[in-house]
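From first to last, the protein sequence lines stand for chains A and B.
Quick note on numbering: the working numbering labels position 85 of the first sequence as 85, and the sequence is numbered without any gaps.
Quick note on numbering: the working numbering labels position 203 of the second sequence as 433, and the sequence is numbered without any gaps.
Reviewing the structure listed below.
There are 2 protein chains.
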Amino acid sequence: MADDSKRTRTRATHSLEAVIAEAVALLDESGEQALTFRALAARLGGGPASVYWYVSSKDELLDRASDHVLADVLAATEDLQGSDPIDDARTVAVTLFDTIIVRPWLAAYFMRDAEQQPNALRLFDRLGRQVMRLGLTAHDTFDAVSAIIGFVIGTAADLSQQPPQTVRDGSLSLDQHLQDAVARWRALDPHEFPFIHFILDEFATHDDATQFRAGLDLLLDGIRQRAEAG
Amino acid sequence: MADDSKRTRTRATHSLEAVIAEAVALLDESGEQALTFRALAARLGGGPASVYWYVSSKDELLDRASDHVLADVLAATEDLQGSDPIDDARTVAVTLFDTIIVRPWLAAYFMRDAEQQPNALRLFDRLGRQVMRLGLTAHDTFDAVSAIIGFVIGTAADLSQQPPQTVRDGSLSLDQHLQDAVARWRALDPHEFPFIHFILDEFATHDDATQFRAGLDLLLDGIRQRAEAG
DNA sequence: ACCTGAACACCGTTCAAGT
DNA sequence: ACCTGAACACCGTTCAAGT
């Protein structure tokens, strides 16, 4: 009979999988600034230095965490082969957008290192496969796919930005903050800011996710047009 | 006769303008990680705490630095009133892109806080004014302008990313690194990655700035189409 | 009004040493 | 092979005190 029950486990032990999964959990729960080697190690039950056995830097940790999350996007976009390639491309783009929008930290690390981010590569290919069906040249197909990715990342990064201090500390609601911005914009000189005044009411009532879809459709329209022309 | 020449200046003195200008210089010379309160204060000839008289946090410092740089974009896009609104919108977009691409730190802070970033607001209006000339509804105009901004920021952020470690430390040239990536991609299973293989040669020879313009034109085509339809 | 000096509470990263 | 302990060289930020 071994005295297993008496022995206290003194040495922690993890795995790359556990390290990355825990990093993502920390990121999702408390944001990018909460991810420190000390906090991560504490959750894993060990010392900060132990994490360095699995990743060689914080950059690599974030690269891998980003790629880890993309697995969900891949899972959600399997077996796309609808009648309209553009519809399928839209589905991939929207799914990616929805994943980034709730993870402000993701945009900055997406597809930074193809070697360490196999899922990003798969996603790139999956989107590309849909666009390929339009029959464009390799050159135009590459341009179109890159444009879609750039648009999704850029818009998501823009919209998932950290809210201003006054909103974070609870001294101002998000809605109140929006109303304040609208009020300030309304006070601007209409001759100096004609566009701002033109779209003020739209700005006051717009929804980010809806606007993203509208912009995406403009881009996809341009791509379809190119396909039909040539 | 005062003994001015003998007295040594013991107290440093700056101004908000000087602080921001020096921050931009530091950023442009050595990148985001080089911008610390200590390094900035050293250049200004004072202690780190003195900077806090002008800005209340590093975030605010970066917000203001970003906006400072946009003044150049504004200056370069004055008096746009060509015959084609789309051409003028393209000019604003390209100018903004060219400014961000050489400043990787800019994308993350662009238009984060309209209050602290008056130039961003002006630029937003300037681009919007061109799109307004297309005669779309306020709703569609807002969507179109937001899409262009998102595309520019996203693509620029993507392309201005820090090169990988091996390139930074000089152990691999940028071109060598690209060739390596191509070689790795060529080794991928063509059935699993049909798109990657389809565009491989294009990838190997493409130019980022050219590809940005191609993508922008796709989006602008979609917008023009919308204008002609409605 | 604006700056100094010095500290506080953190960071990422390294490395000899342990198991 | 994998983890611990403890340190190193930094950070942003604060604050009493000076001028």
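Even for Gly, the Cβ is constructed at its ideal location relative to N, Cα and C.
Residue from the options whose Cα sits closest to the Cα of residue i
{"i": "E60/A", "options": "L74/A, A41/A, A23/A, A93/A", "result": "A23/A"}
{"i": "L74/A", "options": "D189/A, L123/A, Q225/A, L220/A", "result": "L123/A"}
{"i": "A301/B", "options": "F433/B, L326/B, F428/B", "result": "L326/B"}
{"i": "I196/A", "options": "L450/B, L246/B, G460/B, L351/B", "result": "L351/B"}
{"i": "F340/B", "options": "D410/B, T440/B, G384/B, S401/B", "result": "G384/B"}
{"i": "F344/B", "options": "S296/B, F433/B, V249/B", "result": "The residue asked about is misnamed: residue 344/B is Ala in this sequence, not Phe. When each option's Cα is compared against that of A344/B, the closest is S296/B."}
{"i": "L404/B", "options": "A434/B, P420/B, G380/B, D419/B", "result": "A434/B"}
{"i": "G277/B", "options": "D293/B, L256/B, T243/B", "result": "T243/B"}
{"i": "A444/B", "options": "A144/A, R64/A, G128/A", "result": "A144/A"}
{"i": "I69/A", "options": "Q225/A, L159/A, P118/A, T166/A", "result": "What sits at residue 69/A in the sequence shown is Val, not Ile. It is P118/A."}
{"i": "H369/B", "options": "V102/A, W185/A, Q176/A, L200/A", "result": "L200/A"}
{"i": "Q159/A", "options": "D180/A, M132/A, W105/A", "result": "Position check: residue 159/A holds Leu in this sequence, whereas Gln was assumed. The option with the nearest alpha carbon to L159/A is W105/A."}
{"i": "R90/A", "options": "I101/A, T77/A, I100/A, V102/A", "result": "T77/A"}
{"i": "G452/B", "options": "A147/A, G45/A, A49/A, A156/A", "result": "A147/A"}
{"i": "D125/A", "options": "F142/A, L134/A, T137/A", "result": "F142/A"}
{"i": "I101/A", "options": "D28/A, R112/A, Q81/A", "result": "D28/A"}
Continuous alpha helix (DSSP H) stretch holding residue i: start and end
{"i": "T329/B", "result": "315–331"}
{"i": "F126/A", "result": "The amino acid occupying residue 126/A in the given sequence is Arg; Phe does not appear at that position. Residues 118–132."}
{"i": "Q409/B", "result": "404–416"}
{"i": "F381/B", "result": "368–389"}
{"i": "H427/B", "result": "424–435"}
{"i": "H68/A", "result": "58–76"}
{"i": "R454/B", "result": "438–459"}
CB contact below 9 Å: residue i versus chain B
{"i": "P85/A", "result": "no"}
{"i": "W53/A", "result": "no"}
{"i": "E115/A", "result": "yes"}
{"i": "D217/A", "result": "yes"}
{"i": "F195/A", "result": "yes"}
{"i": "E202/A", "result": "yes"}
{"i": "S160/A", "result": "no"}
Cutoff 9 Å: residue i Cβ touching any chain A Cβ
{"i": "L450/B", "result": "yes"}
{"i": "G384/B", "result": "yes"}
{"i": "E421/B", "result": "A quick correction: the sequence has His, not Glu, at residue 421/B. Judged by the 9 Å Cβ criterion, H421/B is not in contact with chain A."}
{"i": "A337/B", "result": "yes"}
{"i": "R352/B", "result": "yes"}
{"i": "G261/B", "result": "no"}
{"i": "Q311/B", "result": "no"}
{"i": "R318/B", "result": "The residue you asked about is not Arg; residue 318/B is Asp in the sequence shown. Output row for D318/B: interface = no."}
{"i": "A471/B", "result": "Since the first residue of chain B shown is 231 and the last is 460, residue 471/B is not available in this structure."}
{"i": "A374/B", "result": "yes"}
{"i": "F267/B", "result": "no"}
{"i": "T371/B", "result": "yes"}
{"i": "D302/B", "result": "no"}
{"i": "R356/B", "result": "yes"}
At which residue ranges does the region 236–268 of chain B contain complete alpha helix (DSSP H) runs of 4 or more residues, listed in the order of the chain? Correct list: 246–260.
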